[in-house]
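Everything on this sheet refers to the single structure shown next.
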Amino acid sequence: MTIGIASDHGGYELKEKLVKLLKEDYQLNDYGAHHLNPNDDYPDYVLPLAKALASGEIDRGIAICGSGVGACMVANKIKGVRAALINETYSAHQGVEHDDMNIICIGARVVGDIYAQEIIRAFLKASYSGEERHERRLRKLKQIEQGNS
Ligand code: RB5
Numbered sequence: 001m002t003i004g005i006a007s008d009h010g011g012y013e014l015k016e017k018l019v020k021l022l023k024e025d026y027q028l029n030d031y032g033a034h035h036l037n038p039n040d041d042y043p044d045y046v047l048p049l050a051k052a053l054a055s056g057e058i059d060r061g062i063a064i065c066g067s068g069v070g071a072c073m074v075a076n077k078i079k080g081v082r083a084a085l086i087n088e089t090y091s092a093h094q095g096v097e098h099d100d101m102n103i104i105c106i107g108a109r110v111v112g113d114i115y116a117q118e119i120i121r122a123f124l125k126a127s128y129s130g131e132e133r134h135e136r137r138l139r140k141l142k143q144i145e146q147g148n149s
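Counting in the working numbering, the sequence shown runs from 1 upward without gaps.
As C-alpha cells, then:
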C-alpha cells in the first residue's frame with residue numbers, strides 16, 4: 001500500500017514525525033510542506049495529495065492542518081476522494097470499513113502526537129467491508145458526486 005501525506009504549517013511538526021514512523025512500514029509519498037513556513041496555505045499541499053489519490057498514485061492519504069478542517073474541505077473537492085476529519089480511533093477504522101474513506105484529515109492542534117499515531121494506525125490497518133449495504137450507500141454517494149442525484 002502506498003500512502004501519501006501532506007500538511008501546512010499547522011500540521012508540519014506532526015507530519016515530520018509521522019513521515020519518519022510510517023516510512024518504516026509503508027511506501028510513503030510526502031507532498032509537503034517540505035519546510036516550516038508560517039505563511040503557507042493548506043490547499044497548496046492538500047490538493048496535490050488529493051489528486052494523487054484520485055489518480056491512483058497513492059492508495060490512502062493523510063492530510064494535516066491545525067484543526068484538520070481546511071485540509072478536509074480541500075480534499076473533498078476532488079472527485080474520487082472520500083475524506084473525513086477524524087480525531088479519534090473508532091471513526092478512523094469505521095470510516096474505512098463502512099464508507100471506504102480514503103483520506104484521513106487530522107487536526108495537529110487538536111490531538112497529541114501519540115494519539116495521532118494511534119488514529120493513523122487504525123486508519124491504515126482498516127479495510128473496506130464491501131458489504132451490500134455499504135456498497136449501496138457508496139453508489140448513492142458516487143451518484144451525488146457525478147451530479148446525478
Ligand atoms: C493555519 O494557521 C490554520 O488556519 C490551518 O492549519 C487550519 O487549521 C485550517 O483549517
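Each residue gets a CB set at the ideal place from its N, CA and C atoms; glycine is no exception.
{"Asked": "Of all the options Ile114, Gly4, Ala122, which has the alpha carbon lying nearest to the alpha carbon of alanine 50?", "Found": "Gly4"}
{"Asked": "Mind checking which residues open and close the beta strand (DSSP E) that includes arginine 133?", "Found": "Element bounds for arginine 133: not the beta strand (DSSP E) but the alpha helix (DSSP H), 132-145."}
{"Asked": "Hey, quick one: how far does the alpha helix (DSSP H) through isoleucine 119 stretch, first residue to last?", "Found": "113-125"}
{"Asked": "Would you grab the beta carbon distance between isoleucine 86 and glycine 11 for me? Rounded to a whole angstrom, and I think it's under 8 Å.", "Found": "Contact doesn't hold; Cβ gap of about 14 Å is too wide."}
{"Asked": "Tell me which residue opens and which closes the alpha helix (DSSP H) that aspartate 30 is part of.", "Found": "Not the alpha helix (DSSP H): aspartate 30 falls in the beta strand (DSSP E), residues 27-30."}
{"Asked": "For the alpha helix (DSSP H) that contains alanine 50, what are its first and last residues?", "Found": "43-55"}
{"Asked": "Write down the C-beta distance between phenylalanine 123 and histidine 98 rounded to the nearest angstrom, noting that I regard them as a contact closer than 8 Å.", "Found": "Actually they are not in contact, since the Cβ atoms of phenylalanine 123 and histidine 98 sit about 13 Å apart, beyond 8 Å."}
{"Asked": "How big is the Cα-Cα spacing for valine 110 and alanine 116?", "Found": "9 Å"}
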